[in-house]
């Protein structure tokens, strides 16, 4: 997939840095390529739900942002991206040392882009798929 | 809908108190009735995304937990509840002083319970629907 | 909700009549109001799956079209409507004499409209909710 | 993925043959392997919606059944499978000579199995992804 915006990587990094929620939970951008973005989140006890697993909403936080930025990498310069909708299936308990949400664009579009994200829990050499998201992102003009 | 667990309200409150993520973001349980749960989240700048709206993942955090607990209110004592899947549609920018996720059970079941949650942004007397979730919760035996 | 297209009801009926699939399965338009559309489908053995229930794809066929037309009732004259995505939860076995999909617009928009549809199975005086859909419809210019 | 039911392929074929809806629309089972099922549907004018595309409900009919049978291939003998929920994103106009829904199990489980299905439109040598589904299937005991 060919990026229309030559500075897509820097623009994604700039936008990510303007998301206070990412700092609150300790997430960082770990990969930005055309149509693909990864966000990495180290385990922290204050992100858990009542069973000691990463809360589904926090899984969603990194998966949704990875989807939005994956869509953004293929948009023209000066675009803004928002989530229209997403669906998340939780596959296994989200337990691990590090969580990685990897988003891949399935179908780019002028207005709507469909993206999939897989979320992995990593413990040592072990990498387990814990959730998968299918979502729609919309391009709007930057404000 | 008739609760099978006479102490459902206390059990929901106890479980909510064991969710560190709720303390991190500042959410609190504001209503627990048979088949209905509300979670309230005051606006905070550290919960926002790059446009200044509440991040979709944080909307999901309160909506998903409201769904899980709404399902839980109708389960037998000693149950544990987990999310199977959910889908969220984002309807309007999530801007307001307070956000409320209200979940209503659509179809309770012995194993699976289907729940809907509406998330409202409240500013003074103004209450706007900003997102809506449709999800499936599963009952497991408590560990 | 105020219709922008004064002939929305006739336009929906005309479009419905141009859907060959509706004739194949025996569905008919039973209600068209601003933001609300119902499609009715009598039971037929050739619409069933292996357990004798109405196939989830046929439930979807009437629910999705009801959603599309409910969105259409609030669009300007000359619009075309397509489905972006939908999610269906199956709540109970789809058994009955008549099935009715009722769609209600949750959030109309210039481009995207979010709609919910409930599908009921009716047997005599008994009306049971068998499935519920949450979906996104898009307005395109008519070709 | 290892099948627990040595006669899974025959059992899927038998079940498919008991779905009257598949005969009505002209769908046939074209691949059955452990964790993977394909259903093929030739173009027919009576399956179209108002723009001349295959109706999203018919796309769903083959995608959902492919998902159910893909899940079934990994279940013990004597199982019954039902759809819990699915979400479909429509990516491109569903136009072609033949449509193929290919389902792959993402996460098998004792009770719930998560499956993805891609639906392709094929015209001569051209194969285009027109829709993608993410869904949950449940195992019940055969009646």
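Chains as they are written, first to last, in my numbering: chain A, 5 to 147; chain B, 5 to 147; chain C, 5 to 147; chain D, 5 to 147. C-beta: ideal position from N, C-alpha, C; glycine also.
query = Taking C-alpha atoms, which residue in D:28, D:56, D:83 lies nearest to residue 62 (chain C)?
reply = D:28
request  = Check each residue of the segment 87 to 101 of chain C: if its Cβ is closer than 7 Å to any Cβ of chain A, include it; give the result in chain order.
outcome  = 88, 89, 91
query = Based on Cα-Cα distance, which residue from A:105, A:46, A:80, A:116 lies nearest to residue 128 (chain A)?
reply = A:46
query = Which residues mark the beginning and the end of the beta strand (DSSP E) in which residue 190 (chain D) is found?
reply = No answer is possible for residue 190 (chain D): it lies beyond the span of chain D, which begins at 5 and ends at 147.
key: Closer than 7 Å to chain B by CB, residue 134 (chain C)   = no
message = By the three-class DSSP mapping on this structure, what secondary structure does residue 140 (chain A) have?
response = strand
request  = Give a yes or no on contact between the segment 19 to 36 of chain C and the segment 130 to 142 of chain B, applying the rule of three or more CB pairs nearer than 8 Å.
outcome  = no
query = Any chance the segment 41 to 55 of chain D sits against the segment 82 to 93 of chain D, with 3 or more Cβ pairs inside 8 Å?
reply = no
inquiry  = residue 74 (chain A) and residue 41 (chain A) - do their beta-carbons sit closer together than 7 Å?
reply    = yes
task = Quick one: give me the first and last residue of the beta strand (DSSP E) that residue 122 (chain D) is part of.
result = 116 to 127
message = Less than 7 Å between CB atoms is the rule here; does residue 117 (chain B) satisfy it with respect to chain D?
response = no
key: Continuous beta strand (DSSP E) stretch holding residue 49 (chain D): start and end   = Unbroken run through residue 49 (chain D): none, as it is neither H nor E.
inquiry  = With a threshold of 7 Å between beta-carbons, can residue 138 (chain D) be considered close to chain A, or not?
reply    = yes
ask   = Of all the options D:83, D:34, D:110, which has the alpha carbon lying nearest to the alpha carbon of residue 5 (chain D)?
value = D:110
inquiry  = With H, G and I counted as helix, E and B as strand and the rest as coil, what does DSSP make of residue 96 (chain B)?
reply    = coil
The beta strand (DSSP E) enclosing residue 70 (chain A), as first and last residue numbers = Not the beta strand (DSSP E): residue 70 (chain A) falls in the alpha helix (DSSP H), residues 60 to 76.
ask   = Any idea what DSSP makes of residue 105 (chain C), helix, strand or coil?
value = strand
key: Cβ neighbours of residue 8 (chain C) in the same chain (closer than 8 Å, five flanking residues each side left out)   = 78, 79, 80, 81
task = Look at residue 105 (chain B) and residue 70 (chain B) and say whether their C-beta atoms are less than 7 Å apart.
result = yes
request  = Output yes if chain D places a C-beta closer than 7 Å to the C-beta of residue 131 (chain A); else output no.
outcome  = no
query = Taking 7 Å as the CB-CB cut-off, is residue 68 (chain D) touching chain C?
reply = yes
key: Below-7 Å beta-carbon distance, residue 28 (chain D) vs any chain C residue   = yes
task = Under 6 Å Cβ to Cβ from residue 53 (chain B), same chain only, skipping five residues before and after it: list those, please.
result = 59
task = Give me whichever residues DSSP pairs with residue 43 (chain A) in a beta bridge.
result = A:33, A:105
message = Measuring only the C-alpha atoms, how far is residue 26 (chain B) from residue 87 (chain A)?
response = 23 Å
query = Would you report the Cα separation of residue 32 (chain B) and residue 119 (chain B), rounded to the nearest angstrom?
reply = 20 Å
DSSP-derived helix/strand/coil call for residue 81 (chain A) = coil
ask   = Using the beta-carbon count (16 or more within 10 Å), is residue 122 (chain D) buried or exposed?
value = buried
task = Output, in chain order, the set of chain D residues within a Cβ distance shorter than 8 Å of residue 110 (chain A).
result = 93, 95, 133, 136
task = Report the option in A:107, A:130, A:108, A:101 whose CA atom is closest to the CA atom of residue 56 (chain A).
result = A:101
Range of the contiguous alpha helix (DSSP H) that encloses residue 11 (chain A) = Per DSSP, residue 11 (chain A) belongs to no alpha helix (DSSP H) and is neither H nor E.
query = Hey, how far is the Cα of residue 114 (chain D) from the Cα of residue 34 (chain D)?
reply = 26 Å
task = Would you kindly work out how many angstroms separate the C-alpha atoms of residue 108 (chain A) and residue 51 (chain B), rounded to a whole number?
result = 25 Å
inquiry  = Using beta carbons (cut-off 7 Å, strictly below), is residue 75 (chain A) in contact with chain B?
reply    = no
request  = Find the residues of chain D that neighbour residue 50 (chain C), judging by a C-beta separation of less than 8 Å, and give them in chain order.
outcome  = 24, 25, 27, 28
key: Short CB-CB distance (under 7 Å) between residue 64 (chain C) and chain D   = yes
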